[in-house]
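Residue numbering for the sequence shown follows this note's numbering, beginning at 500 and increasing consecutively.
Encoded as structure tokens, the structure appears first; notes follow it.
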Amino acid sequence: MSPSTSKPGPPSRGRLSERYGPWQTVYTRFRRYALDGVFTRTLQQIQARADAAGDIDWLVQIDSTIVRAHQHAVATGRKGGPSGWTNRTITPSAGPEAD
Numbered sequence: 500m501s502p503s504t505s506k507p508g509p510p511s512r513g514r515l516s517e518r519y520g521p522w523q524t525v526y527t528r529f530r531r532y533a534l535d536g537v538f539t540r541t542l543q544q545i546q547a548r549a550d551a552a553g554d555i556d557w558l559v560q561i562d563s564t565i566v567r568a569h570q571h572a573v574a575t576g577r578k579g580g581p582s583g584w585t586n587r588t589i590t591p592s593a594g595p596e597a598d
């Protein structure tokens with residue numbers, strides 16, 4: 500719960516703490532910082548310090564169940580699909596030993 504209200508969840512425009520000023524000011528400042536790259540530079544500095552201290556493991560794993568293609572990225576060959584496209588069978592390459 501927000502300390503200034505009895506409603507749960509993040510504060511909305513009308514429920515910002517008075518110490519931040521009007522919501523328009525908060526929005527304008529946030530937008531300006533975002534466009535100027537303040538948040539990106541801050542994150543990069545924090546990451547650089549953590550990396551130098553050995554606190555970051557840069558191993559990244561991607562769960563393919565959340566990767567989605569746009570609906571127009573697939574040529575299905577069905578009626579109404581992109582014309583001129585055919586379903587092609589993808590075959591694996593010969594591999595590096597063939598080079």
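We put the CB at the ideal spot given by N, CA and C, even for glycine.
| request: Determine the extent of the alpha helix (DSSP H) in which Tyr532 is found, giving its start and end residues. | output: Taking the first residue of the sequence shown as position 1, residue 532 is located at position 33. Note, Tyr532: alpha helix (DSSP H), 522–535.
| query | Do you know how far the Cα of Gln523 is from the Cα of Arg514? | reply | Residue numbering aside, residue 514 sits at position 15 when the sequence shown is read from its first letter. Residue numbering aside, residue 523 sits at position 24 when the sequence shown is read from its first letter. Cα-Cα distance, rounded: 12 Å.
| query | Between the C-alpha atoms of Thr539 and Ile555, what's the straight-line distance to the nearest angstrom? | reply | As a working mapping, residue 539 is identified with position 40 in the sequence shown. As a working mapping, residue 555 is identified with position 56 in the sequence shown. Going from the Cα of Thr539 to the Cα of Ile555 covers about 17 Å.
| Leu542 by DSSP, collapsed to three states: which one? | Against the sequence shown, residue 542 aligns to sequence position 43. Looking at Leu542 - three-state DSSP - the assignment turns out to be helix.
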